[in-house]
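Structure first, then comments.
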Amino acid sequence: MPELPEVETVVRDLRPLLCGQCLAAVRTSRHQLRQPWKRAWVSAIVGKRVQAIRRRGKWIILDLESSSHLLVHLGMTGRFTVVESKIPKAAHTHVVFKLNEGGQELRFADIRRFGSVRYCATADELNLLLGGKLGPEPWEMDPSDWSQRLRSSRRCLKAILLDQSVIAGVGNIYADESLFVARLAPKQLGTRTTREQADRLLSAIVQVLDHAIEARGSSIRNYVGGNGERGEYQNEFLAYGRTGEPCQNCGRAIACIRLAGRATHYCPHCQRSRSQRSEVRSQRSEVRY
DNA sequence: ACAGGATCCTGGGGGC
DNA sequence: TGCCCCCAGGATCCTG
0 MPELPEVETV VRDLRPLLCG QCLAAVRTSR HQLRQPWKRA WVSAIVGKRV
50 QAIRRRGKWI ILDLESSSHL LVHLGMTGRF TVVESKIPKA AHTHVVFKLN
100 EGGQELRFAD IRRFGSVRYC ATADELNLLL GGKLGPEPWE MDPSDWSQRL
150 RSSRRCLKAI LLDQSVIAGV GNIYADESLF VARLAPKQLG TRTTREQADR
200 LLSAIVQVLD HAIEARGSSI RNYVGGNGER GEYQNEFLAY GRTGEPCQNC
250 GRAIACIRLA GRATHYCPHC QRSRSQRSEV RSQRSEVRY
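Heads up: the first sequence at position 37 corresponds to 36 in numbering that gives the first Met the number 0, and the numbers run straight through without jumps.
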């Protein structure tokens with residue numbers, strides 16, 4: 000499931016392989032992706048050089064000559080890799096860009112077709128697609144702005160973390176991991192978040208993402224980096240996918256509930272909300288007196 | 001206005 | 001062994 004660390008890994012892998020290369024030909028499969036491929040894009044792309052490759056949230060942006068762009072999203076099962084042209088195409092390969100040097104191809108494969116590849120003729124078109132609907136990158140988030148964003152939402156923290164217009168790049172895995180590190184309840188409402196908790200959560204997000212990028216992201220099912228290598232962060236999960244296993248802080252079992260339509264893993268003891276803590280305190284005092 | 005749910009899609013795993 | 005059903009979840013659309 001490619002989230003920010005996986006997308007960042009793909010971009011870092013592809014950068015030395017793509018920058019300066021010319022896209023010499025484009026082939027597409029007959030299966031349409033989420034964003035239908037337009038035939039006119041082929042002639043617009045062919046012959047253009049890749050000037051840069053970068054990431055914004057979970058989106059991959061290839062900057063092409065004459066201020067045009069390729070915008071790629073890996074969805075759930077997308078793979079964006081450079082491979083030797085002679086290697087047979089994997090199943091579910093939907094778009095292939097032939098590179099002018101080295102006998103290689105840039106291939107986009109996606110089993111579930113939740114991903115997308117599209118062409119933007121101008122920077123304005125790209126900004127229109129991404130600009131309005133993506134919040135700041137976690138490293139660039141202003142802490143007081145972040146606190147404000149949390150406190151003005153009546154949604155639970157888990158739902159807010161998944162909202163790309165609030166903070167860009169966090170998905171289900173890193174939302175659970177960040178909330179665990181910050182020791183905050185996924186169910187806690189944004190409006191009930193203190194400034195101290197907001198600071199704690201933002202540091203946890205940055206810490207978890209930095210660590211995951213170092214490990215080349217998490218390979219759960221299909222994900223591989225731009226060079227085809229898997230990630231290793233799945234071996235370091237503290238909460239995600241560890242239902243029933245002991246919490247590394249307190250030893251109690253990690254629970255799994257459904258929040259914002261997503262499986263949510265957390266420690267019911269370490270990640271209690273303030274109201275839950277005071278409930279426990281009053282129960283204890285009842286027992287004592 | 002906002003929150004939550006349904007939808008798209010395929011492979012893998014569990015149950016029978 | 002084989003079949004059916006459910007689950008995984010990012011973005012977007014729909015509903016209350």
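We put the beta carbon where it would ideally sit given N, CA and C, even for glycine.
TODO: Indicate whether the contact test is met: 3 or more Cβ pairs, each with one atom in the stretch 189–204 and one in the stretch 257–268, closer than 8 Å.
DONE: no
- [ ] Taking all protein chains shown into account, decide if D12 is buried (16 or more other Cβ within 10 angstroms of its Cβ) or exposed.
- [x] buried
Task: Cβ-based neighbour list, R229, same chain, cut-off 6 Å, excluding 5 preceding and 5 following - done: S218, V223
TODO: Inspect the beta-carbon positions of W138 and A197 and report whether they are closer than 9 Å.
DONE: no
TODO: Could you tell me if G102 is buried or exposed, where buried requires 16 or more neighbouring beta carbons within 10 angstroms of its beta carbon?
DONE: exposed
Task: Alpha carbon of V6 to alpha carbon of I172, nearest angstrom - done: 14 Å
Open item on the list: Between the stretch 41–57 and the stretch 152–161, can you find at least three pairs of beta-carbon atoms closer than 8 Å?
Closed with: The stretch 152–161 vs the stretch 41–57: no contact.
Task: As assigned by DSSP and simplified to three states, the class of D162 - done: coil
Task: Per-residue DSSP class, three states only, for I110 - done: Here DSSP, grouped into helix, strand and coil, assigns I110 to coil.
TODO: Decide if S151 is buried, meaning its Cβ has at least 16 other Cβ atoms within 10 Å, or exposed.
DONE: exposed
Open item on the list: I need the DSSP call for T179, collapsed to helix, strand or coil.
Closed with: It should be pointed out that residue 179 corresponds to Phe in this sequence rather than to Thr. Three-state DSSP puts F179 in a helix.
- [ ] Identify, in the order they occur along the chain, each residue of the same chain with its Cβ nearer than 6 Å to the Cβ of R48, setting aside the five sequence neighbours on each side.
- [x] C21, E64
Task: DSSP state of V116 mapped onto helix, strand, coil - done: strand
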